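Plus 90 on top of the position in the sequence shown (first one is 1) and you've got the numbering used here.
Take a look at the structure below.
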Amino acid sequence: MQDNTEIERLRPRLFGLAYRMLGSRLEAEDVVQEAFLRWHQAGPEEIRSAEAWLVTVLSRLCLDRLRAMQAERQRYVGPWLPEPLLSVEQSPAHTSELASDLSMALLVVLQRLSAEERVGFLMHDVFDCGYSDVAIALGKSEAACRQLVHRARQRVRQDKPRFEVSSVAHSQLVARYVQAVQERDADRIAELLAQDAVFVSDGGGKTWAALRPVVGADRIARMEVGVLAKLPQNFALELLEVNGQAGMIGRVDDRIHAVTSFATNGLRILSIMRVLNPDKLSDCEQTRQPPTG
Numbered sequence: 091m092q093d094n095t096e097i098e099r100l101r102p103r104l105f106g107l108a109y110r111m112l113g114s115r116l117e118a119e120d121v122v123q124e125a126f127l128r129w130h131q132a133g134p135e136e137i138r139s140a141e142a143w144l145v146t147v148l149s150r151l152c153l154d155r156l157r158a159m160q161a162e163r164q165r166y167v168g169p170w171l172p173e174p175l176l177s178v179e180q181s182p183a184h185t186s187e188l189a190s191d192l193s194m195a196l197l198v199v200l201q202r203l204s205a206e207e208r209v210g211f212l213m214h215d216v217f218d219c220g221y222s223d224v225a226i227a228l229g230k231s232e233a234a235c236r237q238l239v240h241r242a243r244q245r246v247r248q249d250k251p252r253f254e255v256s257s258v259a260h261s262q263l264v265a266r267y268v269q270a271v272q273e274r275d276a277d278r279i280a281e282l283l284a285q286d287a288v289f290v291s292d293g294g295g296k297t298w299a300a301l302r303p304v305v306g307a308d309r310i311a312r313m314e315v316g317v318l319a320k321l322p323q324n325f326a327l328e329l330l331e332v333n334g335q336a337g338m339i340g341r342v343d344d345r346i347h348a349v350t351s352f353a354t355n356g357l358r359i360l361s362i363m364r365v366l367n368p369d370k371l372s373d374c375e376q377t378r379q380p381p382t383g
């Protein structure tokens with residue numbers, strides 16, 4: 091069995107897998123800790139590869155959580171968005187994990203998959219697990235897992251944004267949007283949005299949020315300006331990295347009021363995803379460093 095130092099180096103990778111599956115930092119941390127506890131309780135003869143064993147156990151735990159969360163998601167008020175990540179430890183392993191695709195746009199696509207499709211797709215296509223490991227995690231035959239992953243892969247390719255955008259272009263576009271919102275300039279806001287842009291907000295029924303997506307540049311621009319007029323005078327906007335990309339946070343005093351992610355094609359903003367649910371923001375950790383680019 092590997093020593094604890096070597097095993098701990100797997101923690102960022104395991105967290106990345108769990109977070110992609112569950113869409114919650116706290117839930118991901120919980121299942122990673124549970125996987126480590128089980129590893130320590132297992133006998134050395136049970137484990138040939140610590141990483142493969144931990145990934146399989148973690149995937150099973152996530153699958154159980156996802157199944158348990160299905161009823162809760164059905165009762166959720168309004169759109170559901172993943173819990174945002176505003177900071178990551180500055181170790182090379184964590185930095186590398188954040189550099190991989192943890193964007194809110196991809197996480198939203200993953201949430202549209204069934205629990206088994208999400209687990210199988212992430213294990214095989216993102217974390218390079220063999221179908222034998224996927225079969226163990228899902229309790230299915232390898233042939234069934236191949237079909238399941240194939241279906242999931244097709245859905246992700248269909249729904250995932252097709253544009254490869256540099257971080258610089260994305261950051262510059264988001265910075266211009268933040269400035270336009272700060273200045274309450276509806277015309278400039280609309281100019282930065284694609285005509286069929288979509289705005290989705292997650293309030294969880296605990297704060298004001300649009301219960302349905304808002305579609306169209308002009309409608310989104312008017313809404314942004316209208317909402318700002320109702321917020322306290324000490325409300326402030328800040329450009330910050332959200333899930334590894336330039337994003338925007340709104341703050342009242344030192345309390346985070348909203349976290350916004352963007353999907354862009356480098357020229358226009360295609361979608362805006364705003365988390366307002368206080369339960370998803372209460373434990374957010376922030377860094378005050380500006381986004382790269």
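All C-beta atoms in this analysis are idealised placements derived from N, C-alpha and C, irrespective of residue type, glycine included.
Here the structure is a predicted model, which means the values were calculated and not measured.
Limits of the unbroken beta strand (DSSP E) element including residue i
i: residue 365; result: 359-365
i: residue 130; result: Per DSSP, residue 130 belongs to no beta strand (DSSP E); it is in the alpha helix (DSSP H), 115-131.
i: residue 300; result: Run containing residue 300: none; DSSP gives neither H nor E here.
i: residue 347; result: 345-354
i: residue 168; result: Segment: none, residue 168 is in no beta strand (DSSP E) and carries neither H nor E.
i: residue 342; result: 335-342
N- and C-terminal bounds of the alpha helix (DSSP H) containing residue i
i: residue 164; result: 140-165
i: residue 106; result: 101-112
i: residue 194; result: 194-201
i: residue 211; result: 205-211
i: residue 369; result: 368-371
Which listed residue (the options) has its alpha carbon closest to that of residue i
i: residue 107; options: 213, 167, 165 and 124; result: 213
i: residue 162; options: 228, 225 and 294; result: 294
i: residue 146; options: 249, 166, 218 and 354; result: 218
i: residue 341; options: 324, 204 and 143; result: 324
i: residue 290; options: 250, 296, 261 and 301; result: 301
i: residue 114; options: 144, 124, 156 and 142; result: 156
i: residue 154; options: 279, 99 and 120; result: 120
i: residue 160; options: 139, 138 and 112; result: 112
i: residue 270; options: 338, 198, 127 and 191; result: 338
i: residue 362; options: 235, 292, 368 and 345; result: 292
i: residue 140; options: 276, 99, 245 and 233; result: 99
i: residue 257; options: 330, 101 and 109; result: 330
i: residue 374; options: 344, 268 and 299; result: 344
Proximity test, residue i beta-carbon vs the ligand COA heavy atom, cut-off 6 Å
i: residue 298; result: With respect to small molecules bound, the structure shown includes none, and the ligand COA cannot be examined in it.
Neighbour-count burial assignment, residue i, 16 or more Cβ in a 10 Å radius
i: residue 321; result: exposed
i: residue 206; result: buried
i: residue 158; result: exposed
i: residue 189; result: Because residue 189 carries a pLDDT of 47, less than 50, the predicted location of this residue cannot be relied on, and the following value inherits that uncertainty. Exposed is the call here.
i: residue 168; result: buried
i: residue 287; result: buried
i: residue 357; result: exposed
i: residue 335; result: buried
i: residue 415; result: Nothing can be reported for residue 415: it is not among the residues displayed for the chain, which extend from 91 to 383.
i: residue 264; result: buried
i: residue 104; result: buried
i: residue 171; result: buried
i: residue 96; result: exposed
i: residue 319; result: exposed
i: residue 261; result: buried
i: residue 185; result: Any reading at residue 185 must be qualified, since the residue scores a pLDDT of 48, below 50, and its modelled position is unreliable; the value itself is stated next. With fewer than 16 other Cβ atoms within 10 Å, it is exposed.
i: residue 165; result: exposed
i: residue 232; result: exposed
i: residue 193; result: buried
i: residue 247; result: exposed
i: residue 110; result: buried
i: residue 372; result: exposed
i: residue 182; result: Residue placement at residue 182 cannot be trusted, given a pLDDT of 49 that sits under 50; what the coordinates show is reported in the next sentence. So residue 182 counts as exposed.
Whole-angstrom C-beta distance between residue j and residue i, which should lie under 8 Å
i: residue 239; j: residue 210; result: 5 Å
i: residue 274; j: residue 315; result: 5 Å
i: residue 366; j: residue 348; result: 5 Å
i: residue 310; j: residue 283; result: 6 Å
i: residue 305; j: residue 176; result: Actually they do not touch by this definition, with Cβ atoms about 27 Å apart.
i: residue 242; j: residue 203; result: 5 Å
i: residue 368; j: residue 296; result: 6 Å
i: residue 225; j: residue 149; result: Rounded, the Cβ-Cβ distance is 11 Å, inconsistent with contact.
**Sequence ranges, alpha helix (DSSP H) only - wholly within the region 304-330, length at least 4** = 307-320
**Item:** Those runs of the alpha helix (DSSP H) which lie wholly inside the region 225-298 and span at least 4 residues
**Value:** 232-249, 257-272 and 276-282
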